[in-house]
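Q: Using this note's numbering, the first residue of the sequence shown is number 31, and each one after it goes up by one.
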Amino acid sequence: MNKRNLQIIMAVLGLIPIATGLIGFTGINDPIYEGLIDSHFVLLDSNLRFFSGIWIGLGLAMFSIIRSIEKEKRIFRIIWISIFIGGLGRLLSMVFTGVPPIPFVGFTVLEIVGAPFFIYWQHKIAKEEN
Numbered sequence: 031m032n033k034r035n036l037q038i039i040m041a042v043l044g045l046i047p048i049a050t051g052l053i054g055f056t057g058i059n060d061p062i063y064e065g066l067i068d069s070h071f072v073l074l075d076s077n078l079r080f081f082s083g084i085w086i087g088l089g090l091a092m093f094s095i096i097r098s099i100e101k102e103k104r105i106f107r108i109i110w111i112s113i114f115i116g117g118l119g120r121l122l123s124m125v126f127t128g129v130p131p132i133p134f135v136g137f138t139v140l141e142i143v144g145a146p147f148f149i150y151w152q153h154k155i156a157k158e159e160n
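#1: Please list, in chain order, all residues of the same chain as R107 whose beta carbon is under 7 Å from its beta carbon, the five residues on each side excluded.
#2: Using the C-alpha atoms, what's the distance from F126 back to E158?
#3: Report the option in N35, I48, E141, I62 whose CA atom is closest to the CA atom of I84.
#4: For the alpha helix (DSSP H) holding F134, just list the boundary residues, first then last.
#5: Give the list of continuous beta strand (DSSP E) stretches no shorter than 3 residues that lie fully inside the stretch 77-110.
#6: Is F148 helix, strand or coil by DSSP?
#7: Alpha carbon to alpha carbon, how far is K154 from P61? Give it in angstroms, no decimals.
#8: Does the separation of the CB atoms of I113 and E102 fall below 8 Å?
#9: What residue range does the alpha helix (DSSP H) around M40 cover?
#10: How about V143 and V135: do their beta carbons lie closer than 8 Å?
#11: Judging by CA-CA distance, which residue of V42, E141, A156 is the nearest neighbour of L90?
#12: Is it buried or exposed, E64, if we count other Cβ atoms within 10 angstroms and call 16 or more buried?
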């Protein structure tokens, strides 16, 4: 649990929202929704593209704090608390609408279990650096 490993993991994980956000900019034409959505859902398409933009921004925020990760407590926590809340949203979706494909169950675990772990890890590194 050292600073360098956290930086590497943040860089790898930061690529996910950037890549999936760019794909999500295709809206309902995103390959993940192929065959699931009627092409006439204008509001859904608009929202998917909007939230994909926010998702890209989150990935960029992750990259912006990598260099001085031990000093970026507030932004680091905002990022991971946001991811945690998103995971809670996925969990609610599972409860109310059903279980998604297996990779999304894994994402949910990362979001709900991983977020507190990463916050703890960053806190530990920040204490060691001071």
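C-beta atoms are modelled at their ideal positions from N, C-alpha and C, and glycine is treated no differently.
A: For this structure:
#1: Excluding sequence positions up to five before and after R107, its CB lies within less than 7 Å of the CB of I149, all in the same chain and listed in chain order.
#2: Between the alpha carbons of E158 and F126 lies a gap of roughly 43 Å.
#3: Shortest Cα-Cα distance from I84 to any of N35, I48, E141, I62 involves I48.
#4: Counting along the chain, the alpha helix (DSSP H) containing F134 begins and ends at 132-139.
#5: The stretch 77-110 contains no whole beta strand (DSSP E) run of 3 or more residues.
#6: Correct three-state label for F148: helix.
#7: The C-alpha of K154 is placed about 40 Å away from the C-alpha of P61.
#8: Not in contact: I113 and E102 (Cβ atoms no closer than 8 Å).
#9: Residue range 33-54 is occupied by the alpha helix (DSSP H) that includes M40.
#10: No. Outside cutoff.
#11: Of the listed residues, the one whose Cα sits closest to L90 is V42.
#12: So E64 counts as exposed.
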